[in-house]
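Student: The following block contains the structure, expressed as structure tokens.
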Amino acid sequence: MSFIISGLDGNNFQHLYGLSDNELKVYGAVRFTVDKRPSYPDRITLTDIPVGEHAILLNHTYLDSRSPYRGMHAIFIWEGKIEPTVLIDEIPEVMHNRILSLRAFDENDMMIEGVISSSEDIKKTILDFLQLPEVKFILAHNAKQGCFSCRITRG
1 MSFIISGLDG NNFQHLYGLS DNELKVYGAV RFTVDKRPSY PDRITLTDIP VGEHAILLNH
61 TYLDSRSPYR GMHAIFIWEG KIEPTVLIDE IPEVMHNRIL SLRAFDENDM MIEGVISSSE
121 DIKKTILDFL QLPEVKFILA HNAKQGCFSC RITRG
């Protein structure tokens, strides 16, 4: 069984790139200069943002749905990045050093199953979820901070 892990489309955040810190505040966003790695996980490239680069912390709706699981949370994006990383049957860098909450959803955006997974179990958990025919997609969250990490779909 094949799966696809996709970063967010940076075009959705392009209006924030290059704004002053005061202008970012209008959007409820904050710019950081990355001072250590890993620490700022980028949701576009699915990598940890390198030291010295700029990260923007903003609120993101990761499940825009009428289901009870509609969700939004703070995420980091790497300022200036546009092209999302798309991986087939690979686990991105950003998921390797974190404990994740993997949540499987059906076609009605209702959660079917949820599991806490460490880096060595992530791929197996994804494949186990995708064995269930009712699973439409999986959402990965960083378990410690609760932040949305990425979306996983069938390949």
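Note that UniProt numbering numbers the sequence shown so that position 84 is 84, with each residue one more than the last.
The beta-carbon is built from N, C-alpha and C at its ideal position, and this holds for glycine as well.
Does the Cβ of R154 have 16 or more other Cβ atoms within 10 Å, making it buried, or fewer, making it exposed?
Tutor: Around the beta carbon of R154, fewer than 16 other beta carbons sit within 10 angstroms, so the residue counts as exposed.
Student: Let me make sure I understand the geometry here. Which of R37, E90, E53, A29 has the alpha-carbon closest to that of K124?
Tutor: E90
Student: Could you check what DSSP says for T125 in three-state terms: helix, strand or coil?
Tutor: helix
Student: Which residues in the same chain as L57 place their Cβ atom closer than 7 Å to its Cβ, once the five residues preceding and following it in sequence are excluded?
Tutor: A29, V30, F32, A74, F76
Student: Are three or more beta carbon pairs between the segment 77-86 and the segment 104-113 nearer than 8 Å?
Tutor: no
Student: List the whole-angstrom C-beta distance separating N142 from R70, where the pair is believed to meet the contact cut-off of C-beta under 8 Å.
Tutor: N142 to R70, Cβ: 19 Å. No contact.
Student: Quick one: measure Cβ to Cβ for S6 and V94, integer angstroms, because I've assumed they're closer than 8 Å.
Tutor: Not a contact, Cβ separation roughly 12 Å.
Student: Thinking I122 and L100 are a contact (beta carbons under 8 Å), I'd like their distance in whole angstroms, please.
Tutor: 6 Å
Student: Taking 8 Å as the threshold (C-beta atoms), are L46 and L139 in contact?
Tutor: no
Student: Looking only at its own chain, which residues have a Cβ that is under 7 Å from the Cβ of V51, when we skip the five neighbours before and after it?
Tutor: Once the five neighbours on either side are set aside, the close Cβ partners of V51 are V34, D35, K36, R37.
Student: Cα-Cα, which of F13, P133, Q14, N12 is closest to M1?
Tutor: P133
Student: Can you give me the C-alpha to C-alpha distance between A55 and K144, rounded to a whole angstrom?
Tutor: 19 Å
Student: Identify whether M111 lies in helix, strand or coil by the three-state DSSP scheme.
Tutor: strand
Student: Ignore the nearest five residues each way along the sequence and tell me which others in E53's own chain have a CB closer than 7 Å to its CB.
Tutor: V34, W78
Student: Buried or exposed for R43, going by 16 or more other Cβ atoms inside 10 Å?
Tutor: buried
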